[in-house]
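So the structure is just underneath, and the comments pick up after that.
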Amino acid sequence: NLIVKNENNTNNKYWLLFIAISLIFINQVLIIFTFVAILYFIAWMIMSFTHTNLLGVWVSGNYNLLILIPFVVLFCAAIYVEAKILCRGKCSEFLQKFKTLKFWLCSLILLQVLCLALVTPWSYSWGPVIMPHSDGVNVVWYTVFPSQTVIKYGGFYYVSDQFAKNTKKVGELTKTSKSSIHGVHLPFTQAQFQLNSRTYSYNLDNISKIAVITDLHDQGYYVQKLLKNHDVDLLLIAGDVTNFGLLYEYQMTMPYFQQKPIIVAPGNHDQKTDDFKLVLQQNANSLVTLNNISVYILNTYQYGKITQQQFEDAAQFIKNNPVQSKHKMIINHSPIYSQGAPYKDNDFFCALLEPIWDEQNFTAVFSGHTHSFGAYNRKNTMLFDSGMMGTMMYTLQFGWMEAHGIQDWDTRRGKQWFLDAYSGKNVANVIHLGERENTYKIYDLDS
1 NLIVKNENNT NNKYWLLFIA ISLIFINQVL IIFTFVAILY FIAWMIMSFT
51 HTNLLGVWVS GNYNLLILIP FVVLFCAAIY VEAKILCRGK CSEFLQKFKT
101 LKFWLCSLIL LQVLCLALVT PWSYSWGPVI MPHSDGVNVV WYTVFPSQTV
151 IKYGGFYYVS DQFAKNTKKV GELTKTSKSS IHGVHLPFTQ AQFQLNSRTY
201 SYNLDNISKI AVITDLHDQG YYVQKLLKNH DVDLLLIAGD VTNFGLLYEY
251 QMTMPYFQQK PIIVAPGNHD QKTDDFKLVL QQNANSLVTL NNISVYILNT
301 YQYGKITQQQ FEDAAQFIKN NPVQSKHKMI INHSPIYSQG APYKDNDFFC
351 ALLEPIWDEQ NFTAVFSGHT HSFGAYNRKN TMLFDSGMMG TMMYTLQFGW
401 MEAHGIQDWD TRRGKQWFLD AYSGKNVANV IHLGERENTY KIYDLDS
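Here the UniProt record's numbering is used: the sequence shown runs in plain steps of one and ends on residue 447.
What follows is the structure, given as structure tokens:
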């Protein structure tokens with residue numbers, strides 16, 4: 001309307017036309033985000049009720065491309081239409097035709113804003129995720145809005161709170177404060193529980209098949225593919241679940257961990273914020289013993305970077321907590337023997353841990369960070385630089401892969417223990433623990 005009234009004033013006309021184009025641009029952005037929010041919400045509902053991901057990588061791996069493509073198309077279309085109007089001098093005619101629709105246009109914008117406010121948050125709830133501990137499991141889930149949720153198992157109810165340690169009393173209804181990140185400790189190695197009218201179960205008494213992955217960088221699609229094709233009992237993650245350690249990245253990734261119990265060693269990307277402590281309720285070095293399996297979870301990136309003090313603390317933690325389990329494993333993010341460029345700190349870490357592996361006869365050691373897969377056998381201990389599972393979107397987002405240089409075999413520690421390497425980027429290691437021997441297989445999830 002302002003453009004029509006000021007049509008004879010060329011300066012005002014073009015200035016106000018610029019404002020009109022900007023408003024149309026904002027409207028297009030709202031339309032795009034509304035479309036994405038509704039699409040994601042539908043996909044999430046499908047995943048919730050069917051335990052499948054029918055939209056596949058478009059929902060998880062390429063979610064930012066899903067926003068980018070229609071955004072660019074609609075942006076170019078809007079600029080093209082406005083440019084034609086401007087060049088042909090038909091501003092008055094164009095605006096007069098839509099003058100009677102201004103009420104509906106305003107209503108549409110309001111509706112879009114409401115959709116974004118109401119639909120999008122609900123799509124980011126996730127859980128439950130089962131995280132084993134030596135005295136049971138922590139069950140963790142997330143709701144966008146703070147609420148009080150009840151878990152039922154064995155005839156008893158557990159009410160959620162911010163941390164699992166606050167609700168350990170068995171068989172009591174504990175009134176706790178409302179929160180968004182919920183955690184409940186179940187002091188059982190196997191149980192069936194009910195959350196939000198759905199039933200879940202876990203069994204940690206007989207673990208024989210374990211999958212190991214690392215460096216997801218907030219991409220969860222390949223986790224679903226792995227768990228669909230391999231019926232593992234436990235999932236180990238050697239760090240870098242996220243890129244920036246932000247809560248929204250866990251919202252994108254954690255739903256894929258609902259199928260199996262998981263143990264996570266924090267990586268340098270995970271600890272850029274404190275959200276890691278809230279979501280996975282873990283920070284320092286820890287030990288999980290499940291029947292005949294013991295897993296040492298080492299935090300060598302407690303402050304987002306490596307320090308020798310953290311290496312010393314990790315090694316001392318293992319010495320102070322000896323176990324007699326048949327299978328002893330270590331999972332941490334810092335590379336030990338690796339295919340990437342040599343780290344000066346690696347030799348220091350290896351010098352601390354090698355005597356421990358040899359003396360205590362460890363079954364396996366898993367690490368990450370280098371984004372390349374390598375296998376080593378030091379005496380009776382298998383060591384794996386476990387590769388990565390977030391290559392595609394990590395490369396598109398940052399323009400590079402975190403490849404830490406070229407290996408120099410002449411100076412590389414552990415070269416005498418080297419077995420094999422693999423260049424695939426979305427890989428997983430699956431271990432079969434047997435009575436007499438263990439089998440280790442590497443799977444390329446792209447093929």
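Cβ atoms here follow ideal geometry from the backbone N, Cα and C, with glycine treated the same way.
Which complete alpha helix (DSSP H) runs does the region 240-301 hold, if anything under 4 residues is left out? 247-253, 275-280
Given a cut-off of 8 angstroms on the beta-carbon distance, is the pair Tyr142 and Ser180 in contact? Working through the sequence shown from its first residue, we reach residue 142 at position 142. Working through the sequence shown from its first residue, we reach residue 180 at position 180. In contact: Tyr142 and Ser180 (Cβ atoms closer than 8 angstroms).
Residues near Lys169 by beta carbon distance below 8 angstroms, same chain, minus five either side: The count along the sequence shown starts at 1 and reaches residue 169 at position 169. For Lys169, the predicted structure reports a pLDDT of 35, less than 50, and the residue's modelled location is therefore unreliable. A value from the coordinates is still provided. Same-chain partners within the cutoff: there are none.
If you compare alpha carbons, which of Pro266, Thr307, Ser325 is closest to Asn299? Looking up residue 299 in the sequence shown gives position 299. Cα-wise, what sits closest to Asn299 is Pro266.
According to DSSP, is Gln190 helix, strand or coil? As a working mapping, residue 190 is identified with position 190 in the sequence shown. Of the three classes helix, strand and coil, the one that applies to Gln190 here is strand, per DSSP.
Just the C-alpha distance for Leu234 and Gln259, rounded to the nearest angstrom, thanks. On the sequence shown, residue 234 is found 234 positions in, with the first residue counted as 1. On the sequence shown, residue 259 is found 259 positions in, with the first residue counted as 1. The alpha-carbon atoms of Leu234 and Gln259 are separated by roughly 10 angstroms.
Mind checking Glu249: buried by the 16 CB within 10 Å criterion, or exposed? Stepping through the sequence shown from its first residue, residue 249 is reached at position 249. With 16 or more other Cβ atoms within 10 Å, it is buried.
Please classify Ile431 as buried or exposed, where buried requires at least 16 neighbouring CB atoms within 10 angstroms. Position 431 of the sequence shown, counted from the first residue, corresponds to residue 431. Buried, because 16 or more other Cβ atoms sit within 10 Å of the Cβ of Ile431.
Pull up the DSSP beta-bridge partners for Leu235, would you. In the sequence shown, the residue the question calls residue 235 occupies position 235. In the DSSP output, where bridge partners are listed per residue, Leu235 has Ala211, Ile262.
How many angstroms separate the CA atom of Phe244 from the CA atom of Arg436? Here residue 244 refers to the residue found at position 244 of the sequence shown. Here residue 436 refers to the residue found at position 436 of the sequence shown. If I take the Cα positions, the gap works out to 42 angstroms.
Can you tell me the Cα-Cα spacing of Met252 and Asp218, whole angstroms? For the purposes of this step, residue 252 is taken as the residue at position 252 of the sequence shown. For the purposes of this step, residue 218 is taken as the residue at position 218 of the sequence shown. Distance between the alpha carbons of Met252 and Asp218: 7 angstroms.
Leaving aside the five residues before and after Asp270 along the sequence, list all residues of the same chain whose C-beta is less than 7 angstroms from its C-beta, in chain order. By 1-based counting over the sequence shown, the position of residue 270 is 270. Within the same chain, Asp270 has close Cβ partners Gly239, Asp240, Val241, Thr242, Gly245, Phe276.
Trp357 versus Thr381: straight-line alpha-carbon distance, rounded: Sequence index remark: in the sequence shown, residue 357 carries index 357 (1-based). Sequence index remark: in the sequence shown, residue 381 carries index 381 (1-based). Each residue's alpha carbon lies about 7 angstroms from the other.
Could you tell me which of Gly136, Tyr153, Asn196 sits nearest to Ser147, measuring between CA atoms? For this step, residue 147 is matched to residue 147 along the sequence shown. When each option's Cα is compared against that of Ser147, the closest is Asn196.
Whole angstroms is fine: what's the gap from Val365's alpha carbon to Gly387's? As a position in the sequence shown, residue 365 is number 365, starting the count at 1. As a position in the sequence shown, residue 387 is number 387, starting the count at 1. Near 14 angstroms, if we compare the C-alpha coordinates of Gly387 and Val365.
At the level of alpha carbons, what is the spacing between Val184 and Trp417? Counting from one through the sequence shown, the residue named residue 184 turns up at place 184. Counting from one through the sequence shown, the residue named residue 417 turns up at place 417. Between Val184 and Trp417, the C-alpha separation is close to 43 angstroms.
Please work out which residues of its chain come closer than 7 angstroms, Cβ to Cβ, to Lys328, disregarding the five sequence neighbours upstream and downstream, and give them in chain order. As a working mapping, residue 328 is identified with position 328 in the sequence shown. Result list for Lys328: Ser294, Gln360, Phe362, Thr363, in chain order.
Assuming the contact rule is C-beta atoms closer than 8 angstroms, Ala211 and Ala428 should be a hit. Round their C-beta distance to whole Å, please. As a first step, residue 211 is located in the sequence shown; it is residue number 211 there, counting from the start. As a first step, residue 428 is located in the sequence shown; it is residue number 428 there, counting from the start. Right, the Cβ-Cβ distance comes to about 6 angstroms (below 8 angstroms), so this counts as a contact.
Suppose you measure from the CA of Ala352 to the CA of Ile318; what does that come to, to the nearest Å? Walking along the sequence shown from the start, residue 352 turns up at place 352. Walking along the sequence shown from the start, residue 318 turns up at place 318. First, the residue type needs correcting, since residue 352 is Leu and not Ala in the sequence shown. Taking the straight line from one Cα to the other gives about 11 angstroms.
Note down the Cα distance separating Lys228 from Leu445, rounded to an integer number of angstroms. Residue 228 sits at position 228 when you count from the first residue of the sequence shown. Residue 445 sits at position 445 when you count from the first residue of the sequence shown. Looking at the two C-alpha atoms, the distance is approximately 11 angstroms.
Please determine, among Met254, Asn206, Ser125, the residue with the shortest C-alpha to C-alpha distance to Tyr221. Translated into the one-based positions of the sequence shown, residue 221 becomes position 221. Here the closest residue by C-alpha is Met254.
If you run the structure through DSSP and keep just helix, strand and coil, what is Pro355? Taking the first residue of the sequence shown as position 1, residue 355 is located at position 355. Three-state result, Pro355: helix.
Return the CA-CA distance between Val288 and Asp274, expressed in angstroms with no decimal places. Here the question's residue 288 lines up with position 288 in the sequence shown. Here the question's residue 274 lines up with position 274 in the sequence shown. Cα to Cα, the separation comes out at about 22 angstroms.
Less than 8 angstroms separating the beta-carbons of Ala314 and Asn346? Taking the sequence shown and counting its residues from 1, one reaches residue 314 at position 314. Taking the sequence shown and counting its residues from 1, one reaches residue 346 at position 346. Going by C-beta atoms, Ala314 is not nearer than 8 angstroms to Asn346.
Could you tell me whether the Cβ atoms of Tyr256 and Gln308 are closer together than 8 angstroms? On the sequence shown, residue 256 is found 256 positions in, with the first residue counted as 1. On the sequence shown, residue 308 is found 308 positions in, with the first residue counted as 1. No, the pair does not count as a contact, with Cβ atoms beyond the cut-off.
Quick one: grab the DSSP three-state call for Asp385. The residue you call residue 385 lines up with position 385 of the sequence shown. The answer is strand: DSSP assigns Asp385 an E or B state.
Is the separation between the beta-carbon of Phe193 and that of Leu204 shorter than 8 angstroms? As a position in the sequence shown, residue 193 is number 193, starting the count at 1. As a position in the sequence shown, residue 204 is number 204, starting the count at 1. No, they are not a contact pair.
List the whole-angstrom C-beta distance separating Val129 from Ile262, where the pair is believed to meet the contact cut-off of C-beta under 8 angstroms. Position 129 of the sequence shown holds residue 129. Position 262 of the sequence shown holds residue 262. That belief holds up - the Cβ atoms of Val129 and Ile262 are roughly 7 angstroms apart, short of 8 angstroms.
How long is the line joining the alpha carbons of Ile297 and Leu290, rounded to whole angstroms? Taking the sequence shown and counting its residues from 1, the one referred to as residue 297 is at position 297. Taking the sequence shown and counting its residues from 1, the one referred to as residue 290 is at position 290. Each residue's alpha carbon lies about 13 angstroms from the other.
How is the beta strand (DSSP E) around Val129 delimited, first residue to last? Taking the first residue of the sequence shown as position 1, residue 129 is located at position 129. Segment 126-133, the beta strand (DSSP E) holding Val129.
Please state whether DSSP places Lys425 in a helix, a strand or coil. On the sequence shown, position 425 is the one that residue 425 refers to. Coil.
Taking just the CA atoms, how far does Lys415 sit from Ala164? Residue mapping note: residue 164 aligns to position 164 of the sequence shown, counting from 1. Residue mapping note: residue 415 aligns to position 415 of the sequence shown, counting from 1. Reliability fails at Ala164, whose pLDDT of 37 lies under 50, so the model's placement of it is uncertain and the value that follows must be treated cautiously. Computed Cα separation, rounded: 43 angstroms.
Keeping to the same chain, check which residues put their C-beta closer than 6 angstroms to that of Gly368; ignore five residues upstream and five downstream. The residue labelled residue 368 in the question sits at position 368 within the sequence shown. Once the five neighbours on either side are set aside, the close Cβ partners of Gly368 are Thr214, Asp215, Ala238, Gly239, His333, Ser386.
Quick check: what's the CA-CA separation for Phe348 versus Pro355? Along the sequence shown, read from residue 1 onward, the residue named residue 348 stands at position 348. Along the sequence shown, read from residue 1 onward, the residue named residue 355 stands at position 355. Whole-angstrom Cα-Cα distance: 12 angstroms.
Which residues does DSSP pair with Trp141 in a beta bridge? The count along the sequence shown starts at 1 and reaches residue 141 at position 141. Partner(s): His182.
Express the C-alpha separation of Ile331 and Leu236 in angstroms, rounding to a whole number. Locating residue 236 in the sequence shown gives position 236, where the first residue counts as 1. Locating residue 331 in the sequence shown gives position 331, where the first residue counts as 1. In a straight line, the C-alpha of Leu236 is about 8 angstroms away from that of Ile331.
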